[in-house]
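Trainee:
Chains as they are written, first to last, in the numbering used here: chain S, 113 to 226; chain F, 6 to 117.
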């Protein structure tokens, strides 16, 4: 998985609790992304980062926040988890954002919100 | 609104047969069309990709056919093998980090 790790790999939590997912890369790529994968929707971009402390929203950003304090780490936070945020979350990285640059995906985190 | 429409949702093919997955898009600004392959419990991985200036790209048993005027593209897997059983996602992108859009995925099962 191209030097990308995600933690935890599985998590079960209750509605209303905060949750933080971590993505760690060893490739020194500038761009990092958080996607969610749901049946019938494919993968949808939540947030992305184009450098340390530089982040922007994706297609489905409501209810999520991100932070990137180091090149290698990108955190996704659900401030108050809801059942609609039950999903598989993937982190991805890329060297640039030219459109043709390959995005490499991590192994995913399966989150269940009860 | 789904930027890239993909069909079928699932596909069962006999070993040695041809698997065909179809995708369509509307945004003419898209200029790169990758296909990703995902095995259970893993993240998606780039399989093959095409630019709209060519009508076909072949890598081994995998071929992308691209019809720019119809805004459609498809993945053909020749001589399908059980090891090809996976979920396949088509995608389309333009320039910019927030400009990669995925289809809904096709679960391919190749029966021995």
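Every residue, glycine too, gets a C-beta built ideally from N, C-alpha and C.
1) Of the residues that make up the stretch 79–110 of chain F, which ones have a beta carbon closer than 7 Å to any beta carbon in chain S?
2) Answer with yes or no whether the minimum CB distance from residue 16 (chain F) to chain S is below 8 Å.
3) What's the C-alpha gap between residue 11 (chain F) and residue 126 (chain S)?
4) Can you confirm whether the stretch 58–69 of chain F touches the stretch 14–23 of chain F when touching is taken to mean that 3 or more C-beta pairs between the two stretches lie within less than 8 Å?
5) Check the Cβ of residue 165 (chain F) against every Cβ in chain S and list those closer than 7 Å, keeping chain order.
6) What is the DSSP secondary structure of residue 179 (chain S), counted as helix, strand or coil?
7) Against chain S, which members of the stretch 32–59 of chain F pass a CB distance test of less than 9 Å?
8) Measuring alpha carbon to alpha carbon, tell me which of S:116, S:153, S:124 and S:193 ends up nearest residue 144 (chain S).
9) Give the single residue among F:35, F:36 and F:93 whose Cα lies nearest to the Cα of residue 47 (chain F).
10) Does the beta-carbon of residue 158 (chain S) have 16 or more other beta-carbons within 10 angstroms, so that it is buried, or is it exposed?
11) Assess contact between the stretch 70–84 of chain F and the stretch 203–220 of chain S, defined as three or more Cβ pairs (one per stretch) separated by less than 8 Å. Is contact present?
12) CB residue 118 (chain S) to CB residue 220 (chain S), shorter than 8 Å?
13) So with CB distances below 7 Å, who are the chain F contacts of residue 185 (chain S)?
14) Comparing alpha-carbon positions, which option in S:153, S:155 and S:121 lies nearest residue 132 (chain S)?
15) Is residue 176 (chain S) closer than 8 Å to residue 102 (chain F) when the C-beta atoms are compared?
16) Could you give the distance in angstroms between the alpha-carbon of residue 32 (chain F) and the alpha-carbon of residue 108 (chain F)?
17) Could you check the C-alpha separation between residue 124 (chain S) and residue 191 (chain S) for me, to the nearest Å?
18) By how many angstroms is the C-alpha of residue 171 (chain S) removed from the C-alpha of residue 185 (chain S)?
19) According to DSSP, simplified to helix, strand and coil, what is residue 197 (chain S)?
20) Tell me the residue span of the beta strand (DSSP E) that contains residue 144 (chain S).
21) As an exercise, report each continuous beta strand (DSSP E) stretch of at least 3 residues that is fully enclosed by the stretch 49–112 of chain F, in chain order.
Mentor: Straight from the coordinates:
1) 94, 98, 99, 100, 101, 102, 103, 104, 105, 107, 108, 109 and 110
2) no
3) 34 Å
4) no
5) Within the shown structure, residues of chain F are numbered from 6 to 117, placing residue 165 (chain F) beyond reach of any answer.
6) strand
7) 35, 36, 37, 39, 41, 43, 46, 47, 48, 49, 50, 51, 54 and 56
8) S:116
9) F:93
10) buried
11) no
12) yes
13) By Cβ distance, chain F contributes nothing, its closest Cβ being about 17 Å from residue 185 (chain S), past 7 Å.
14) S:121
15) no
16) 14 Å
17) 15 Å
18) 21 Å
19) helix
20) 143–150
21) 50–55, 61–64, 67–72, 77–82, 91–98 and 105–107
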